[in-house]
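The next block holds one structure in the form of structure tokens; read it before the comments.
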Amino acid sequence: MSEFTIPMLPCSSVKEVIKFYQSLGFEITRKPTGPNPYVCARFGGIEIHFFAMKQAASKGSYGTCYVSTSDVDGLYKSFADSLKRNFGKIPSSGIPRLTPIKDLSLEERGFDIVDPTGNWIRIGQKTDKKPVAVSSSPKVTKSIFKNSGKAGLDKVFFPYL
């Protein structure tokens with residue numbers, strides 16, 4: 005048995021979604037027909053579906069999904085190159101945008117795509133880096149925060165100590 009998940013995200017304009025995802029290199033596998041527009045987009049093993057929703061706000065959608073990959077740098081380069089080729093630049097602020105690739109934590113590297121409706125496509129890869137334990141003592145950790153010059157952080161992270 006083989007299962008997979010396909011996110012279904014709202015969009016305020018199917019035309020904008022089609023144009024944007026094609027500019028990233030996605031293939032549109034289903035175009036809107038009839039009174040209920042529905043779009044399917046695919047890039048390699050990534051598949052995302054979109055449904056038209058008049059109330060979908062382009063400045064703050066709650067739609068999001070996470071794509072786990074084994075080559076986050078290659079995927080980022082592919083999307084960035086496609087955007088540069090199609091728009092002449094990589095939109096890095098506002099909506100839509102492609103955020104810079106970066107280490108998100110000690111064990112993950114990734115980037116985000118924010119589409120014209122404001123949906124967040126989060127793309128990441130687990131890394132081999134492992135966190136190094138500084139101390140298992142909350143009091144030692146609290147003293148590090150107290151002495152770091154970040155006033156009040158000890159109260160945020162350790163309110164009960």
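Per the working numbering, residue 5 is the first one in the sequence shown, and the count goes up by one each step. Glycine included, every Cβ here is placed at the ideal spot set by N, Cα and C.
Integer-rounded CB distance, given that residue j should sit under 8 Å from residue i
i: I99; j: G122; result: 6 Å
i: F115; j: T103; result: 5 Å
i: F91; j: I117; result: Between I117 and F91 the Cβ distance is about 13 Å, and since that is not below 8 Å, they are no contact.
i: Y70; j: F55; result: Their Cβ separation, rounded to whole angstroms, is 20 Å, which puts Y70 and F55 out of contact at 8 Å.
Buried versus exposed call for residue i [16 or more other C-beta atoms within 10 Å across all chains shown]
i: V49; result: Contrary to the premise, residue 49 reads as Gly rather than Val in this sequence. It is exposed - the Cβ of G49 has fewer than 16 other Cβ atoms within 10 Å.
i: D119; result: buried
i: P39; result: exposed
i: S6; result: exposed
i: Y2; result: Since the first and last residues shown for the chain are 5 and 165, residue 2 lies out of range.
i: I22; result: buried
i: F8; result: exposed
i: P14; result: buried
i: L87; result: buried
i: I105; result: buried
i: I125; result: buried
i: R172; result: No answer is possible for residue 172: the residues shown for the chain start at 5 and end at 165.
Residue(s) in a DSSP beta bridge with residue i
i: T68; result: W124
i: L13; result: F54
Heavy atom of the ligand SAH within 7 Å of residue i beta-carbon
i: K133; result: Absence of the ligand SAH from the depicted structure is noted, as is the absence of any ligand whatsoever, leaving it without description.
is_contact[residue i, chain C] using C-beta, thresh 8 Å
i: F47; result: Protein chains in the displayed structure number just one, and chain C is not present.
Curious, which full-length beta strand (DSSP E) runs of at least 3 residues does the region 98-135 contain? 106-109, 112-118 and 124-130
Just to confirm the assignment: which complete alpha helix (DSSP H) runs, minimum length 4, are found wholly within the region 15-62? 18-28
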